[in-house]
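Just so you know, we're using my numbering here: the sequence shown kicks off at 52 and counts up by one.
Every residue gets a Cβ at the ideal spot worked out from N, C-alpha and C, and that includes glycine.
Shown next, in structure tokens, is the structure this report addresses.
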Amino acid sequence: MQRIDHLLPWGHLGCERQLSVFRFGKGERKAYIQASLHADELPGMRAAWELKKRLAVLEAQGALNGVIELVPVANPMGLGQLLQGSHQGRFEVGSGKNFNRDFVELSEPVAELLTGKLGDDPHANVRMIRQAMSDVLSALPAPSSQLQGMQRILLSHACTADIVLDLHCDAEAALHMYALPQHWPQWRSLSAHLNVKVGLLAEDSGGSSFDEACSLPWLRLSRAFPEAQVPLACLATTLELGGQADTGRDEAVFHAEGILAFLAEQGLIKGEWPAPQHEPCEGVPFEATELLFAPHAGVISYLRKAGDRVEKGEPIFEVIDPLEDRVSTICAGTSGVLFAVERLRYAQAGFWLAKVAGREALRHGRLLND
């Protein structure tokens, strides 16, 4: 195991922050796994520790066929953001920016570097594109903030990987994942290993989140150079490992073992690994996700739990105003999987309370909610 420590730029005097990458194995192929980019989403960090232990053993046994880079704590900035005892790990408190938005878009500057250079050898093209991505990131002006510097370090490690797993979680949720539609056939096995309930698919969900900053440039470059052989060479996903409270040991071990079994199927780990114990989940358009809101303030009573399949018109939650005796029952507007609910139990204007993944497109444009 090799440990690579990066000092984040713009550290305050006496308060420098460090980002650590653990590298296992060697070879041309590479997987990159990071956890808790939203620093208050801790199930991934817990699973990453299980992965770290298992990867050290596998490396010692000579069982790794490639490089696996692991970042158990992807956001040291967000870890220290506490407000009156409540962890604020999704947004940087100084700027209000979401830690998982606005990563560098690589396809345009890479296309400028490689115009006229790509040919009919897909392997040579992949090597040139990855080198160009690294060159573009290295040539950027000095970062203007610690957040920008941290994002560049993470992307510099991930942009040369064949497989990228960005481990997150939702408020209270069943396992779900986000990916390019073109990659869904390859992700079905991971969904079966982990008992993921739904895959949310979009080519560009808006916001330049980390997984799309890794995978989407390859799709854009393949379209920019149709005469060349440009494969979609970075299989990247945001994997939501349940809800914020799901940090149990058994859950973490299950998630780690499922990820390792998937990496073995992808040829990065040797040996015999268990077959998936579950069926692959359905992949549906991210545009078909319905966000449910309350019509007025009040206490929330959920009538269904995350992971349930629901039908259009089925009651999902009640909102009770105890002063005016108003009771509103909110029903699903689409049939599908209720994959996440808000963990707070008092309705506030503009805040979603439940998410249902259906099959019919309901939204367009920017799909991510900040």
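Quick one: Cα of residue i to Cα of residue j, how far?
i: Glu-110; j: Lys-248; result: 32 Å
i: Tyr-353; j: Ala-408; result: 17 Å
i: Thr-211; j: Asp-172; result: 18 Å
i: Pro-331; j: Leu-314; result: 16 Å
i: Leu-216; j: Asp-376; result: 47 Å
i: Val-281; j: Leu-231; result: 16 Å
i: Ser-189; j: Arg-239; result: 35 Å
i: Trp-100; j: Pro-123; result: 7 Å
i: His-329; j: Pro-194; result: 44 Å
Determine, using beta carbons only, whether residue i and residue j come nearer to each other than 9 Å.
i: Pro-346; j: Val-370; result: yes
i: Thr-288; j: Met-228; result: yes
i: Ala-405; j: Ala-98; result: no
i: His-234; j: Ser-266; result: yes
i: Lys-81; j: Asp-221; result: no
i: Ala-391; j: Gly-294; result: yes
i: Leu-418; j: Ala-243; result: no
i: Leu-121; j: Phe-154; result: no
i: Leu-106; j: Ile-119; result: yes
i: Ser-386; j: Arg-355; result: no
i: Asn-176; j: Ala-264; result: no
i: Glu-365; j: Leu-413; result: no
i: Ile-84; j: Leu-70; result: no
i: Ala-357; j: Leu-395; result: no
Compare the C-alpha of residue i against each of the options and name the closest.
i: Ser-273; options: Val-361, Gly-131, Leu-115 and Ser-158; result: Ser-158
i: Val-161; options: Gly-145, Arg-152, Gly-147 and Arg-178; result: Arg-178
i: Ser-137; options: Leu-102, Lys-104, Glu-156 and Glu-92; result: Glu-92
i: Phe-276; options: Phe-75, Glu-163 and Thr-385; result: Glu-163
i: His-478; options: Ala-125, Ser-195 and Ile-351; result: The requested residue 478 does not occur in the structure, where the chain is confined to residues 52 to 421.
i: Gly-250; options: Thr-340, Lys-356 and Leu-115; result: Thr-340
i: Ala-183; options: Pro-192, Leu-169 and Ala-193; result: Leu-169
i: Thr-380; options: Trp-403, Pro-127 and Ile-351; result: Ile-351
i: Ala-90; options: Glu-67, Met-128 and Leu-115; result: Met-128
i: Ala-398; options: Gly-318, His-208 and Val-378; result: Val-378
i: Glu-156; options: Ser-195, Met-52, Ala-348 and Gly-258; result: Gly-258
i: Gly-318; options: Ile-55, Gly-131 and Asn-116; result: Asn-116
i: Ala-400; options: Phe-344, Val-388 and Glu-362; result: Phe-344
i: Leu-342; options: Glu-323, Glu-143 and Phe-368; result: Phe-368
Using the Cβ count rule (16 or more neighbours within 10 Å means buried), how would you classify residue i?
i: Thr-166; result: exposed
i: Ala-86; result: buried
i: Asn-420; result: exposed
i: Asp-301; result: exposed
i: His-415; result: exposed
Beta carbon of residue i: closer than 8 Å to some heavy atom of the ligand NAD?
i: Asp-172; result: The model depicted lacks the ligand NAD and carries no ligand whatsoever.
- Task: Note down, one range per segment and in chain order, each beta strand (DSSP E) of at least 3 residues found wholly within the stretch 104-164.
- Result: 118-122
- Message: Just to confirm the assignment: which complete beta strand (DSSP E) runs, minimum length 3, are found wholly within the stretch 237-285?
- Response: As far as the stretch 237-285 is concerned, its whole beta strand (DSSP E) runs of at least 3 residues are 249-252.
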